[in-house]
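Here the protein sequences come in this chain order: A and B.
All residue numbers for the first sequence refer to my numbering, where the first residue is 1 and numbers rise by one.
All residue numbers for the second sequence refer to my numbering, where the first residue is 264 and numbers rise by one.
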Amino acid sequence: MAIKRRSFLKLTGLTLLGSTLSTIIGNLLTRGEVKAKGYTQSPEALVGKRWVMVIDVKKCKEGRSTCGAKCIEACHTLHNVPLISDIKKEIKWIWEDTFEHAFPEQTEKYLEELFHGTPFLLLCNHCDNPPCVRVCPTKATFKNEEGIVMMDFHRCIGCRFCMAACPFGARSFNWFDPRPYIKKVNPEYPTRMKGVVEKCLFCYERLAQGKLPVCVEACPEKALIFGDLADENSEVNKILRERVALRRKAELGTKPSVFYLMS
Amino acid sequence: MYNTGKVMFFIIVLIIFFTIPVWLNWGRLEAVPQPELPKEEKKCIESKEYMRAYHMKLLDDWRKKAIRENQRIYEASDNEKYTISLQRTCMKCHNNKEKFCDRCHNFVITHPDCWGCHIAPEVAQKWQ
């Protein structure tokens, strides 16, 4: 017995109606199960519109011989960043490099001589116009309303487009399980796993608790200054108005949020 | 239909064969998982029934709010406030993943990948 066109259409219509109704009823029944009264920010949270970091290169150089790069150690211990010696597979959130590598566009011979041997702390620049965010296919990396270029590790599929897009090499990829390379674990913070990209997040989880980024806190020379650029009266604004500061690869137009005081 | 009697007979035999586990365990409930509940604490973030049915949804909301919307405090239906954190909130009370989360999850054969990154309390203890 062949089914008639007319009855086939009726059946299809009924099926559609049925599934719509069951969804509606299901939603009505479970509506009471959304329990949360709400979500808020902690009252002591530091809030800003555009967080930036200012690095005093002179102070950093002066203290470097005695401080043992406390900023790097503090950051990497707090965030369970593994120590991998193969530089092609290493993971870094904050690290040091030379003037030529940090500012390859500054070809002035005398500048190079002047800054020869000066360490430059490098980290994610939290660009105001971040190319990594534009290429991320899953919105795993995005800019939050405080100007921080965030990573949502839960959404990262490891495509590494962001690494190709970042002009600063600020992102690292987990080629293998990082856990065996973490000597001392911080049980309060997660690790990452094989197949995700990671980078500095300006300690957004500490800002939420009213604390400054851990590298800023760890620096004995107070060479790192953190603040809100959108706030006219902030310390960073005052410093940047008075002193000469450079940003890495400013000509690319990504508008980095990390400033280097050169004078 | 040809051989109706034989066909029906084998259909019934097949149905019985595939439902053997149901008949063998009829009325018995001992396989129900027994997650070890915290001893010092009286209540969870929400009611026990809610947690049992919706903890995965709650956790999903939590991570979205904390990471994507910068809202780190959860206000429960009884007005109690909790810091949003899997490791620093849930696992401070439920301080053994194997004896709590895993007991249920093994039963329903679900293996969330959370623990590839999040550190279970017992794992953290062994690490140091």
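Cβ atoms here follow ideal geometry from the backbone N, Cα and C, with glycine treated the same way.
{"Query": "From B:Ser348, B:Glu343, B:Leu300, residue whose alpha carbon lies closest to that of B:Asp323", "Result": "B:Ser348"}
{"Query": "Contact set for B:His374: own chain, Cβ-Cβ below 7 angstroms, skip 5 residues either direction", "Result": "His368"}
{"Query": "Any chain B beta carbon closer than 9 angstroms to A:Ala208", "Result": "yes"}
{"Query": "According to DSSP, residues forming a beta bridge with A:Met53", "Result": "A:Phe226, A:Val258"}
{"Query": "Three-state secondary structure assigned by DSSP to B:Tyr265", "Result": "coil"}
{"Query": "Cβ neighbours of A:Thr77 in the same chain (closer than 8 angstroms, five flanking residues each side left out)", "Result": "Lys184, Asn186"}
{"Query": "Contact under 9 angstroms by Cβ, A:Leu207 with A:Val47", "Result": "yes"}
{"Query": "Nearest-angstrom beta carbon gap, A:Asp97 and A:Leu122 [assumed within contact, 8 angstroms]", "Result": "6 angstroms"}
{"Query": "Cβ shell of B:Lys362 (< 6 angstroms), same chain only, five flanking positions each side left out", "Result": "Glu299"}
{"Query": "Terminal residues of the beta strand (DSSP E) in which A:Thr77 lies", "Result": "Looking at the DSSP string, A:Thr77 is not in any beta strand (DSSP E); the run it does join, the alpha helix (DSSP H), is 70-78."}
{"Query": "9 angstroms Cβ cutoff, B:Asn342 in contact with chain A", "Result": "yes"}
{"Query": "Cβ of A:Ser42 within 9 angstroms of any chain B Cβ", "Result": "yes"}
{"Query": "Neighbour flag for B:Lys360 against chain A, beta carbons, 9 angstroms", "Result": "no"}
{"Query": "C-beta neighbour in chain A for B:Arg351, strict 9 angstroms", "Result": "yes"}
{"Query": "Closer than 9 angstroms to chain A by CB, B:His381", "Result": "yes"}
{"Query": "Counterpart residues of A:Thr141 in DSSP-defined beta bridges", "Result": "A:Met151"}
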